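Encoded as structure tokens, the structure appears first; notes follow it.
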Amino acid sequence: MNWIGLWTVYKKEMQRTKRVLFQSIVSPVITTALYFIVFGSAIGSAIAVIDGVSYAQFIVPGLIMMALLQNSFSAASSGIYFPKWIGSIYEMLSAPLSYIEITAGYVLAATTRALLIGIIIYLVALFFTPLPVLHPFWALGFSILVSFVFAMFGFVVGLWANSFEQFNIIPTFVIAPLAFLGGVFYSISMLPPFWQTVTLFNPLVYMINGLRWAFFGITDVHPLWSAIVILIFMTILIGIIAWIFKTGYKLRK
Amino acid sequence: MIKISGLNKTYDNGFEALKNVDLEIKEGEIFALLGPNGAGKTTLISTICGLVEPTSGTITIGGYDHKRDYRKARELIGLVPQEIMLDIFETVWSTMQYARGFFGKKDDPALYEQILKDLSLWDKKDNKIQALSGGMKRRVLIARALTNEPKVLFLDEPTAGVDVELRRGMLEVVKKLKERGTTIILTTHYIEEAEELADRVGIISEGEIKLVEEKESLMKRMGSKTLKINLAEKIDSLPSQIEREGLSLSDDRNSLEYSYKIGANSGITSLLSDLKSANISFEDLDTEQSSLEEIFVNLVNE
Ligand SMILES: Nc1ncnc2c1ncn2[C@@H]1O[C@H](COP(=O)(O)OP(=O)(O)OP(=O)(O)O)[C@@H](O)[C@H]1O
Ligand SMILES: [Mg+2]
Chain A
4 MNWIGLWTVY KKEMQRTKRV LFQSIVSPVI TTALYFIVFG SAIGSAIAVI DGVSYAQFIV
64 PGLIMMALLQ NSFSAASSGI YFPKWIGSIY EMLSAPLSYI EITAGYVLAA TTRALLIGII
124 IYLVALFFTP LPVLHPFWAL GFSILVSFVF AMFGFVVGLW ANSFEQFNII PTFVIAPLAF
184 LGGVFYSISM LPPFWQTVTL FNPLVYMING LRWAFFGITD VHPLWSAIVI LIFMTILIGI
244 IAWIFKTGYK LRK
Chain B
65 MIKISGLNKT YDNGFEALKN VDLEIKEGEI FALLGPNGAG KTTLISTICG LVEPTSGTIT
125 IGGYDHKRDY RKARELIGLV PQEIMLDIFE TVWSTMQYAR GFFGKKDDPA LYEQILKDLS
185 LWDKKDNKIQ ALSGGMKRRV LIARALTNEP KVLFLDEPTA GVDVELRRGM LEVVKKLKER
245 GTTIILTTHY IEEAEELADR VGIISEGEIK LVEEKESLMK RMGSKTLKIN LAEKIDSLPS
305 QIEREGLSLS DDRNSLEYSY KIGANSGITS LLSDLKSANI SFEDLDTEQS SLEEIFVNLV
365 NE
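Top line first, the protein sequences correspond to chains A and B.
Take the first sequence: its letters are residues 4 to 256, numbered as in the working numbering.
Take the second sequence: its letters are residues 65 to 366, numbered as in the working numbering.
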């Protein structure tokens with residue numbers, strides 16, 4: 004294992020994060036604050052307390068999860084896309100680095116970046132409402148695993164993409180709608196029975212509810228299912244990445 | 065140092081860029097790879113360095129298979145690509161640090177300082193790449209390739225777009241590396257560079273290696289010389305008794321030019337005695353050796 008090499012890939016990516024830190028943190032912070040003002044305070048005061056949790060509190064885990072999903076994905080997809088695009092990926096391909104080391108560097112850096120943003124959103128939310136965490140270990144565990152999975156997802160799409168538009172499709176047209184429909188702002192028990200069943204096919208429901216359970220002990224699905232769904236996705240993505248490396252797909256001409 | 069056998073590369077679009085290439089590079093030599101645009105020079109170098117996946121064939125570097133023992137093989141290599149492909153937001157210094165880090169080696173500021181000074185980049189070390197001129201960026205490409213102290217250095221047109229003075233400097237760096245025992249593979253369109261630096265020359269065209277030969281013997285074998293005879297007085301035409309193949313009268317009718325193959329039967333002696341018997345006197349003689357460029361053009365056009 005070329006540990007220094009892996010560390011260098013990670014460090015270089017984190018350096019890039021630092022360069023874009025302002026924009027990558029300011030935008031989620033503003034969005035979160037807006038959600039709070041609009042939903043948490045304005046509308047939320049009109050919505051009943053759900054299982055002893057105020058509405059403002061209720062939406063926090065969902066907002067954090069949405070930020071983790073989107074940011075880990077974008078960080079990893081743009082991270083690998085740009086060197087491929089400008090050609091500086093040659094620096095890594097001609098070095099004694101394995102595919103695993105290159106991928107791990109990017110994926111771990113994207114995970115770190117997403118977690119940083121998640122923590123910042125949590126801190127911002129604290130200004131609006133008290134947020135005790137019932138199962139801190141699980142809250143951290145779910146956050147790390149989900150960020151890791153979506154960083155791998157982003158890495159794969161960044162490898163595959165041939166244009167900027169292609170990897171922007173996923174956060175905008177897949178992650179955001181699925182998160183909104185997956186119960187960031189409501190409990191799926193509020194839906195008519197038919198839509199409840201449909202919603203259970205949305206994997207993001209399990210991720211959002213997993214974190215909500217870790218925060219408040221309330222959830223629409225059993226936390227074990229949340230863990231299982233995340234692990235299934237992790238297995239699938241590791242499988243895809245392993246396959247990509249076996250075929251050298253899209254990295255070496 | 066490098067052994068390539070039966071190497072083929074067909075790109076995804078079906079283009080055959082390398083056709084059954086066999087090549088051996090000796091340890092410590094400077095090997096110049098020459099060939100017209102699109103010949104396959106960059107493809108060949110990229111394949112050896114792991115940027116391009118070969119369709120078939122084997123490559124070993126320092127005895128290590130470039131696939132099975134890729135770590136050991138690549139540890140020996142430094143690559144200076146033809147295109148400027150750098151992260152323009154990084155500084156020169158951090159580019160050096162990352163380059164060495166990717167090779168799994170510990171940071172070595174003294175080494176970076178030495179390299180940057182050799183390439184006249186020391187005063188730019190804190191500049192971002194985007195704040196450098198094209199020729200400086202090209203030197204950064206070289207500098208970063210030296211950070212892992214390679215045993216084999218690939219230079220894909222390193223002097224394109226670099227001014228005359230700095231080109232001199234770069235050639236000095238190359239010579240210095242050779243003295244330290246680095247094997248160097250160089251592509252260039254400036255034949256005088258190959259002529260000055262190379263121990264051996266390989267000519268590639270349309271994906272095939274046409275010829276590999278010691279530079280000296282290639283020049284001897286293929287080279288012709290031109291003898292220029294400055295006449296004491298103008299003559300209107302070549303008198304019939306001196307007419308022969310390779311001899312011509314210059315346009316200003318002031319001089320004769322005779323081109324001949326280097327070797328025993330050059331015909332100079334008989335030409336000079338024929339001039340004497342024709343009563344043509346001359347002031348000065350001058351000889352010129354044909355350059356690799358001409359040899360190369362002749363070969364490619366064959
Ligand atoms: N990615 C690619 N896909 C398809 N064909 C390619 C690709 N890269 C190069 N080629 C083709 O392979 C041939 C050899 O290209 P290469 O870059 O190796 O030439 P070269 O000898 O380095 O030329 P130059 O002197 O212009 O740098 C060219 O005909 C080129 O069009
Ligand atoms: Mg080329």
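Each residue gets a CB set at the ideal place from its N, CA and C atoms; glycine is no exception.
Bear in mind that the values here come from a model prediction, so they are computed numbers and not experimental data.
Distance between residue j and residue i (C-alpha atoms, nearest Å)
| i | j | result |
| --- | --- | --- |
| Ala179 of chain A | Leu227 of chain A | 24 Å |
| Ala163 of chain B | Gly242 of chain A | 30 Å |
| Pro99 of chain A | Gly168 of chain B | 8 Å |
| Val85 of chain B | Gly99 of chain B | 14 Å |
| Met200 of chain B | Gly92 of chain B | 27 Å |
| Val261 of chain A | Leu207 of chain A | For residue 261 of chain A there is no data in the structure shown, the boundaries of chain A being 4 and 256. |
| Val110 of chain A | Phe248 of chain A | 15 Å |
| Leu96 of chain A | Ile244 of chain A | 17 Å |
| Phe95 of chain B | Ala137 of chain B | 19 Å |
| Glu213 of chain B | Ile206 of chain B | 12 Å |
| Ile33 of chain A | Val127 of chain A | 9 Å |
| Val265 of chain B | Glu259 of chain B | 9 Å |
| Leu261 of chain B | Asp220 of chain B | 14 Å |
| Ile65 of chain A | Leu214 of chain A | Looking at the sequence itself, residue 65 of chain A is Gly, so the reference to Ile does not match. Those two C-alpha atoms are separated by around 8 Å. |
| Gln178 of chain B | Thr11 of chain A | 22 Å |
| Arg202 of chain B | Ile141 of chain B | 18 Å |
| Thr155 of chain B | Leu196 of chain B | 10 Å |
| Ala81 of chain B | Val204 of chain B | 29 Å |
| Arg132 of chain B | Ser101 of chain A | 12 Å |
| Phe188 of chain A | Ala36 of chain A | 14 Å |
| Leu336 of chain B | Ser330 of chain B | 12 Å |
| Glu272 of chain B | Ser288 of chain B | 26 Å |
| Gln146 of chain B | Thr106 of chain B | 7 Å |
| Leu118 of chain A | Val237 of chain B | 46 Å |
| Trp163 of chain A | Tyr324 of chain B | 59 Å |
| Ser222 of chain A | Met68 of chain A | The amino acid at residue 222 of chain A is misidentified as Ser; the sequence shows Thr. Roughly 14 Å separates the two Cα atoms. |
| Val201 of chain A | Ala70 of chain A | 24 Å |
Beta-bridge pairing of residue i - partner residues as DSSP gives them
| i | result |
| --- | --- |
| Thr247 of chain B | B:Val216 |
| Thr122 of chain B | B:Ser69 |
| Thr351 of chain B | B:Leu291 |
| Ala96 of chain B | B:Leu250 and B:Val265 |
| Ser367 of chain B | This structure cannot settle anything about residue 367 of chain B, because the visible part of chain B is limited to 65 through 366. |
| Asp129 of chain B | B:Thr124 |
| Thr20 of chain A | In DSSP, Thr20 of chain A forms no bridge with anything. |
| Glu88 of chain B | B:Lys67 |
| Phe346 of chain B | B:Leu295 |
| Leu275 of chain B | B:Ile267 |
| Glu80 of chain B | B:Thr74 |
Contact set between residue i and chain E, taken where Cβ atoms lie within less than 8 Å
| i | result |
| --- | --- |
| Ile141 of chain B | No chain E appears in this structure, whose protein chains are A and B. |
Does the pairing of the segment 157-176 of chain A with the segment 74-83 of chain A give three or more beta-carbon distances under 8 Å? Yes, the segment 157-176 of chain A is in contact with the segment 74-83 of chain A.
Using Cβ-Cβ distances below 8 Å, what residues of the segment 157-171 of chain A are close to chain B? Against chain B - using a Cβ distance shorter than 8 Å - the segment 157-171 of chain A contributes no residues.
Against chain B, which members of the segment 84-102 of chain A pass a CB distance test of less than 9 Å? So the list reads Phe85, Pro86, Ile89, Gly90, Ser91, Ile92, Tyr93, Glu94, Met95, Leu96, Ser97, Ala98, Pro99, Leu100 and Ser101, given in the order they occur along the chain.
Please identify, using Cβ separations under 8 Å, the residues of the segment 7-29 of chain A that lie next to chain B, in order along the chain. Listed in sequence order: Ile7, Gly8, Trp10, Thr11, Val12, Lys14, Lys15, Gln18, Arg19 and Arg22.
Any residues in the segment 143-165 of chain B with a beta carbon nearer than 9 Å to a beta carbon of chain A? Which ones, in chain order? Taking 9 Å as the upper bound on Cβ-Cβ separation, chain A lies near residues Leu143, Pro145, Glu147, Ile148, Met149, Leu150, Asp151, Ile152, Phe153, Glu154, Ser158, Thr159, Gln161, Tyr162, Ala163, Arg164 and Gly165 of the segment 143-165 of chain B.
Is it the case that the segment 113-121 of chain B contacts the segment 275-284 of chain B, given that we only count it when at least three CB pairs across the two stretches are under 8 Å? The answer is no - the segment 113-121 of chain B does not touch the segment 275-284 of chain B, with fewer than three Cβ pairs under 8 Å.
What residues in the segment 168-193 of chain B have a beta carbon less than 8 Å from any beta carbon of chain A? Legend: CB atoms of the segment 168-193 of chain B lying less than 8 Å from CB atoms of chain A belong to residues Gly168, Lys169 and Lys170.
Length at least 4, wholly inside the segment 125-181 of chain A: the alpha helix (DSSP H) runs in chain order: Inside the segment 125-181 of chain A, DSSP marks whole alpha helix (DSSP H) runs of 4 or more residues at positions 139-163 and 167-172, from first to last along the chain.
Segment contact, 8 Å Cβ cut-off, at least three pairs: the segment 123-130 of chain A with the segment 19-33 of chain A: Yes, since at least three Cβ pairs between the segment 123-130 of chain A and the segment 19-33 of chain A fall closer than 8 Å, the two stretches touch.
Check whether the segment 212-227 of chain B and the segment 68-84 of chain B are in contact - that is, three or more C-beta pairs closer than 8 Å. In short, these stretches do not touch, since the Cβ pair count stays below three.
Check whether the segment 106-117 of chain B touches the segment 53-65 of chain A, counting contact only when three or more Cβ pairs, one atom from each stretch, lie closer than 8 Å. Fewer than three Cβ pairs drawn from the segment 106-117 of chain B and the segment 53-65 of chain A lie within less than 8 Å of each other, which leaves the two stretches out of contact.
My parser needs the alpha helix (DSSP H) runs of 4 or more residues fully inside the segment 176-207 of chain B; what are they? The segment 176-207 of chain B is shown to contain no whole alpha helix (DSSP H) run of 4 or more residues.
Ignoring anything shorter than 3 residues or poking outside the segment 73-128 of chain A, list the beta strand (DSSP E) runs there in chain order. The DSSP assignment places no complete beta strand (DSSP E) segment of no fewer than 3 residues inside the segment 73-128 of chain A.
Which residues count as close to ligand 4 when the rule is a CB under 7 Å from any of its heavy atoms, in chain order? With respect to ligand 4, the structure shown offers nothing to examine, as its ligands consist of ligand 1 and ligand 2.
Which of the residues in the segment 111-126 of chain B, read from start to end, lie with their CB under 8 Å from any CB of chain A? Per Cβ criterion, the list reads Cys113, Gly114, Leu115, Val116 and Glu117.
Chain-ordered residues of the segment 71-83 of chain B with a beta carbon less than 8 Å from chain A: Answer in chain order: Tyr75 and Asp76.
Runs of 4 residues minimum, wholly inside the segment 293-332 of chain B: which ones carry the alpha helix (DSSP H) assignment? Within the segment 293-332 of chain B, no complete alpha helix (DSSP H) run reaches 4 residues.
Report yes or no: do the segment 327-342 of chain B and the segment 298-317 of chain B share at least 3 C-beta pairs separated by less than 8 Å? Enough Cβ pairs lie closer than 8 Å, so yes.
At 4 residues or longer, and completely inside the segment 138-169 of chain B: list those alpha helix (DSSP H) runs for me, N to C. The segment 138-169 of chain B contains these whole alpha helix (DSSP H) runs: 156-166.
If the cut-off is 9 Å on Cβ atoms, which residues from the segment 110-121 of chain A count as contacting chain B, listed in chain order? Here the close residues number zero.
Report the residues of the segment 324-344 of chain B with a CB closer than 8 Å to any CB of chain A, ordered along the chain. Nothing from the segment 324-344 of chain B brings a Cβ to less than 8 Å from some Cβ of chain A.
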